[in-house]
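Asker: Have a look at the structure that comes next, please.
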Amino acid sequence: MNWSTIIAIVRKGQSSNVMAAARTAGAPGGTVCLAKGTAPSTILAALGLGDTKQEVLTSVIETAKVPEILEAMKNAKAKGVAMVISTARDSSEEAKAVDSKWVLIEVISEDGYSEDIMATARKAGANGGTVINAHGTSTEDDVKFFGSPLVPEKEILMIVVPKEKAEAVLNAINSMEILKKKGMGIVFSIPVSTFVNLG
């Protein structure tokens, strides 16, 4: 059985509508993370109007059910986007990379750098992104403060770009001085097999 991951990014409070619609089409359930959208322009950012509260819904589903689930999600009472990523487990024909028009670029960085990274990505052709707050994992060797491990706060920046712009955006982000410091962040890309607007 082949599996795919659907990621839906919607306004805060709307993920339950999307998940309910997806369940009617055969989705088993999902996980919701709180996030914020990046300001679409420097003017809106200066006015404090650009950032929006969002929810990121992730669900692993049978690939055969993707069309029906996406259609149900598109008709849910929600505004946002959804994308499908192949969840390959082997090197068979079904697991080969998809020929996609879209690419998901993810940047995991220290807390407080997502705005600078997004600004760099915009200059290279990206439109906008979504930021999820997270934290790193710790080991016994990590720095301790009063006997407790310090777990650095992180930000996960998700940017979907057309395939032809992906290399320029990746190179621009990768060339940033802040990401050249050890442990400051990582950037990677994943082909998106389907990308649709919701609502």
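Here the working numbering is used: the sequence shown runs in plain steps of one and ends on residue 222. Glycine included, C-beta positions come from ideal geometry on N, C-alpha and C.
Determine the extent of the alpha helix (DSSP H) in which residue 105 is found, giving its start and end residues.
Answerer: As a first step, residue 105 must be located in the sequence shown, where it is residue number 82. Unbroken run through residue 105 is the beta strand (DSSP E), 103 to 110; no alpha helix (DSSP H).
Asker: Pick out whichever of 156, 149, 127 and 147 has its Cα sitting closest to the Cα of residue 134.
Answerer: Sequence index remark: in the sequence shown, residue 134 carries index 111 (1-based). The option with the nearest alpha carbon to residue 134 is 156.
Asker: Return the residue from the list 38, 128, 107 and 219 that minimises the CA-CA distance to residue 191.
Answerer: Position 168 of the sequence shown, counted from the start, is the residue given in the question as residue 191. Nearest C-alpha to residue 191: 128.
Asker: When you compare only the Cα positions, how much space is there between residue 143 and residue 195?
Answerer: Reading the sequence shown from its first residue, position 120 is the one you call residue 143. Reading the sequence shown from its first residue, position 172 is the one you call residue 195. The straight-line gap from Cα to Cα measures roughly 6 Å.
Asker: Taking 8 Å as the CB-CB limit, is residue 152 close to chain D?
Answerer: Absent from the structure is chain D; it holds one protein chain and no more.
Asker: Report the partner residues of residue 82 according to the DSSP bridge assignment.
Answerer: One-based indexing of the sequence shown puts residue 82 at position 59. Partner(s): 29.
Asker: As a quick exercise: from 75, 43 and 61, pick the residue whose alpha carbon is nearest that of residue 53.
Answerer: Taking the first residue of the sequence shown as position 1, residue 53 is located at position 30. Residue 53 has its Cα closest to that of 43, out of 75, 43 and 61.
Asker: Please report the Cβ distance between residue 221 and residue 45, rounded to the nearest whole angstrom; I am assuming they are in contact, meaning their Cβ atoms lie under 8 Å.
Answerer: Residue mapping note: residue 221 aligns to position 198 of the sequence shown, counting from 1. Residue mapping note: residue 45 aligns to position 22 of the sequence shown, counting from 1. Not a contact, Cβ separation roughly 11 Å.
Asker: Considering only their Cβ atoms, is the gap separating residue 201 from residue 207 smaller than 8 Å?
Answerer: For the purposes of this step, residue 207 is taken as residue 184 along the sequence shown, with counting starting at 1. For the purposes of this step, residue 201 is taken as residue 178 along the sequence shown, with counting starting at 1. Yes.
Asker: Rounded to the nearest angstrom, what separates residue 186 and residue 125 at their Cα positions?
Answerer: For the purposes of this step, residue 186 is taken as the residue at position 163 of the sequence shown. For the purposes of this step, residue 125 is taken as the residue at position 102 of the sequence shown. The alpha-carbon atoms of residue 186 and residue 125 are separated by roughly 5 Å.
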